[in-house]
């Protein structure tokens, strides 16, 4: 029985596994989220941190602070739910700010924050923008127009989306100068988000994706976090290279984290045959066999322990990495 720590925050337990501890070469990985499904492969992935030492300017006379706030999105797991076209609050905030820039709406930004964890689709985002009366009316019009269009994009998926522009208090954070504001917004617009390729081997499986996970201005530094995944190593590297190139074009410092490897499916696996037979014997129907567009420790363990024969399964878990997360009790009994 192998228990590994911190799977959700970076697979650090598996990354630090001493391979000499392990003598077995058959692994039942108890870490999947669909009842009746046996996983035989997973995506590899890596995060990118982009940062810009913020340069500021004085607030222009006659401007008032307004909170531009995006709420009501479902968020969810950046691998498992990325193929459902769920809304990304950071991406939508960037689109509104970019439209304001392109339409010559004069504004300054102090606070901007959205998203949190690398493996969660951002549910909420906000910025404090400084506007005069005319600019406020013009930005209101942009928000109304983009909200209507975005609701069409996520119809039936994120129907509770809300965008509000309202008066707020001075947050005490210095405003970014024009150059830093533009570089930030344009970089957010250029970074990939969502499904980038589907698998040619397993129907319906996302092969490559990227998550625009978070943005934050704390008064001294602007930071952006992305998390990318692929079951094809060269495709993952291509996405990371594109993010790095975009960041450097925008003048940001870029750091690519050491990622985690994927796990290539083996449909001739002996343990897969056993688990499929046992499942059919217990429940009178065959289990589904597939791969997952998320990171599992199987990739790291298989890399450390060549020849490991692996499958992964678990109970029904829905809404992972969001406040809606839940587990189906009856499926826990079947899993056991």
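Numbering (my numbering), first residue to last: 186 to 521. For every residue, glycine included, the Cβ atom is placed at its ideal position computed from N, Cα and C.
When the Cα of residue 392 is compared with those of 378, 414 and 401, which residue comes out closest? 414
Where residue 465 sits in the DSSP three-state scheme: helix
Whole angstroms is fine: what's the gap from residue 271's alpha carbon to residue 308's? 9 Å
Identity of the residue in 229, 231 and 312 nearest residue 358 by Cα: Sorting 229, 231 and 312 by C-alpha distance to the C-alpha of residue 358 places 312 at the top.
CA-to-CA distance, residue 424 to residue 228, given in whole angstroms: 14 Å
Candidates 233, 476 and 518, of which the one nearest residue 387 by Cα: 476
Return helix, strand or coil for residue 383, following the three-state DSSP convention. Residue 383 falls in the strand class under three-state DSSP.
Report the three-state DSSP secondary structure of residue 367 (helix, strand or coil). Collapsing the DSSP output to three states places residue 367 in a helix.
Work out the CA separation of residue 360 and residue 548 for me, nearest whole Å. Here the chain has residues from 186 to 521 only, and residue 548 is not among them.
Pop quiz: residue 450 and residue 226 are said to be a contact at Cβ under 8 Å. What is the actual Cβ separation, rounded to whole angstroms? With 8 Å as the limit, residue 450 and residue 226 qualify as a contact, their Cβ atoms being about 4 Å apart.
Can you say whether residue 500 is buried or exposed, counting buried as having 16 or more other CB atoms within 10 angstroms of its CB? Burial call: buried.
Can you give the Cα-Cα distance for residue 456 and residue 472, rounded to whole angstroms? 14 Å
N- and C-terminal bounds of the alpha helix (DSSP H) containing residue 452: Residue 452 -> no alpha helix (DSSP H), and no H or E assigned at all.
Would the segment 361 to 378 count as touching the segment 274 to 285 if we require 3 or more Cβ pairs under 8 Å? yes
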